[in-house]
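As you go down the protein sequences, you meet chains S and Z in turn. Taken in order, the first sequence gives residues 13 to 159; the numbers are from our numbering. Taken in order, the second sequence gives residues 13 to 159; the numbers are from our numbering. Every residue, glycine too, gets a C-beta built ideally from N, C-alpha and C. Read the structure below first, then the notes.
There are 2 protein chains.
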Amino acid sequence: MAHYFEDIEVGTVHETGSYEITKAEIVEFAEKYDPQPFHVDEAAAADSAFGELVASGWHTASICMRLLVDDYIDPESAMGAGGVDELRWIRPVRPGDTLRCEIEILEKRPSKSNPEMGHVRTKLTGYNDDDEPVISWKSLSMVRRRE
Amino acid sequence: MAHYFEDIEVGTVHETGSYEITKAEIVEFAEKYDPQPFHVDEAAAADSAFGELVASGWHTASICMRLLVDDYIDPESAMGAGGVDELRWIRPVRPGDTLRCEIEILEKRPSKSNPEMGHVRTKLTGYNDDDEPVISWKSLSMVRRRE
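Here you go:
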């Protein structure tokens with residue numbers, strides 16, 4: 013899993029494992045962080061534009077982060093990210109959906125200020141069981157150089 | 013709290029209540045969604061660039077969402093958001109920090125395709141107890157019109 017700045021190839025696509033999201037987890041997350049009716053209450057969700065309970069978009073993003081940590085981020089070389097751009101919730105995520113992510117390397121460049129690191133721009137896309145994209149974002153992260 | 017499209021004034025700033033983030037909650041969230049050493053392990057965090065345990069950026073975003081739902085989003089008029097742009101983690105969030113958010117209305121325009129709604133662009137900024145910004149993002153959300 014080690015991937016220092018020098019190992020990263022623009023154009024490569026990495027795949028993560030998968031994560032099944034249950035109704036109980038959707039409700040538990042949303043009760044804490046996003047208690048809108050269509051995330052926490054099945055009856056209210058049935059009456060909403062979604063027609064059924066759906067996951068908070070922040071929950072979907074957090075699950076993708078978990079997949080990144082498990083299967084993509086290298087703790088030896090990762091130096092964090094300052095944020096993400098163009099975070100999009102493309103389709104609702106529903107109880108029983110199984111999510112997986114792809115990470116495409118868009119761009120890399122050495123840091124001008126810090127010779128120990130480089131900047132890497134990636135695009136993450138999360139898919140459901142039907143291979144439909146449900147979430148995407150772009151991030152600019154800092155990655156350690158070998159020497 | 014009702015704010016239909018017609019009620020929204022560009023330039024207005026709304027303030028939310030506050031939310032104290034504990035060490036236990038930082039670790040609990042991160043063990044589920046972002047188990048990098050500096051989010052889940054005090055000793056490893058002390059050795060990291062942060063020097064102490066810090067909250068996952070997705071946790072900070074989720075707490076801001078909770079403040080939005082409690083104190084800003086009007087369930088009568090809110091029609092969701094397709095995503096956010098320029099999400100930035102500006103400063104680390106630490107155990108014991110108390111967060112609050114400000115929401116500034118940047119822009120509004122009626123929908124061309126749906127006469128029942130309008131688009132509203134806002135900027136959210138989350139602050140710590142020292143009134144330092146720790147997170148920000150811009151979102152484009154759909155808001156119901158009165159008629």
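- Task: Would you tell me roughly how many angstroms separate the C-alpha atoms of S:Leu80 and Z:Arg158, rounded to the nearest one?
- Result: Near 43 Å, if we compare the C-alpha coordinates of Z:Arg158 and S:Leu80.
- Interface positions of the segment 82-101 of chain S facing chain Z (Cβ-Cβ less than 9 Å), listed along the chain: Against chain Z - using a Cβ distance shorter than 9 Å - the residues of the segment 82-101 of chain S are Asp82, Ile85, Pro87, Ala90, Met91, Gly92, Ala93, Gly94, Gly95, Val96, Asp97, Glu98, Leu99, Arg100, Trp101.
- Query: So, helix, strand or coil for S:Glu21, using DSSP?
  - Reply: Of the three classes helix, strand and coil, the one that applies to S:Glu21 here is coil, per DSSP.
- Of the listed residues S:Thr72, S:Met91, S:Thr28, S:Asn140, nearest to S:Ser123 (C-alpha basis): Of the candidates S:Thr72, S:Met91, S:Thr28, S:Asn140, the one whose C-alpha sits nearest the C-alpha of S:Ser123 is S:Met91.
- Task: State yes or no: is the beta carbon of Z:Lys35 nearer than 8 Å to at least one beta carbon in chain S?
- Result: Judged by the 8 Å Cβ criterion, Z:Lys35 is not in contact with chain S.
- Message: Closest to S:Ser151 by C-alpha separation, out of S:Ala42, S:Leu136, S:Glu144, S:Asp59, would be which residue?
- Response: It is S:Leu136 whose Cα lies nearest to the Cα of S:Ser151.
- Query: Mind pulling the alpha helix (DSSP H) runs of 4 or more residues that sit fully within the segment 29-111 of chain S?
  - Reply: If we require 4 residues or more, the alpha helix (DSSP H) runs fully inside the segment 29-111 of chain S come out as 35-45, 49-52, 54-59, 69-83.
- From Z:Tyr16 to S:Tyr16, what distance separates their C-alpha atoms? Each residue's alpha carbon lies about 50 Å from the other.
- Task: Mind listing the chain Z neighbours of S:Ile75? Cutoff is C-beta to C-beta under 8 Å, in chain order.
- Result: What S:Ile75 touches in chain Z: Tyr45.
- Query: How is the beta strand (DSSP E) around Z:His131 delimited, first residue to last?
  - Reply: Per DSSP, Z:His131 belongs to the beta strand (DSSP E) from 129-139.
- Using a Cβ-Cβ cut-off of 8 Å, state whether Z:Arg103 counts as contacting chain S. Using a CB distance cut-off of 8 Å, Z:Arg103 does not count as an interface residue toward chain S.
- Message: Which residues in chain Z have a C-beta closer than 8 Å to the C-beta of S:Arg78? List them in chain order.
- Response: Near S:Arg78 (Cβ distances below 8 Å), the residues of chain Z are Lys44, Tyr45, Asp46, Pro47.
- Message: Given this structure, state the Cα-to-Cα distance separating S:Pro107 from Z:Pro104, to the nearest angstrom.
- Response: Whole-angstrom Cα-Cα distance: 32 Å.
- Would you report the Cα separation of Z:Asp141 and Z:Lys120, rounded to the nearest angstrom? Cα to Cα, the separation comes out at about 31 Å.
- Message: Which of the three DSSP states is assigned to Z:Lys120 in this structure?
- Response: Z:Lys120: strand per DSSP, three-state reduction.
- Whose C-beta lies closer than 6 Å to the C-beta of Z:Glu27 among residues of the same chain, with five residues either side of it excluded? In chain order, Glu114 place their CB closer than 6 Å to the CB of Z:Glu27, counting only its own chain and leaving out the 5 sequence neighbours on each side.
- Message: Below 8 Å, how does it come out for the segment 29-38 of chain S and the segment 69-85 of chain S: are there three or more Cβ pairs, yes or no?
- Response: Flag = yes, the segment 29-38 of chain S and the segment 69-85 of chain S touch.
- Query: In or out: S:Thr134 buried (at least 16 other Cβ within 10 Å) or exposed?
  - Reply: S:Thr134 is classed as buried because its beta carbon has at least 16 other beta carbons within 10 Å across all chains shown.
- Output the distance between the C-alpha atoms of S:Lys35 and S:Phe62, rounded to the nearest integer angstrom. Each residue's Cα considered, the two are about 15 Å apart.
- Message: Given this structure, state the Cα-to-Cα distance separating S:Asp46 from S:Ile75, to the nearest angstrom.
- Response: Per the coordinates, the alpha-carbon of S:Asp46 lies some 15 Å from the alpha-carbon of S:Ile75.
- Message: Give me the residue from S:Glu40, S:Val96, S:Asp86 with the minimum Cα distance to S:Leu65.
- Response: It is S:Glu40.
- Item | Sub-8 Å separation of S:Arg100 and S:Ser68 beta-carbons | No; because the gap between Cβ atoms is not below 8 Å, this pair is not in contact.
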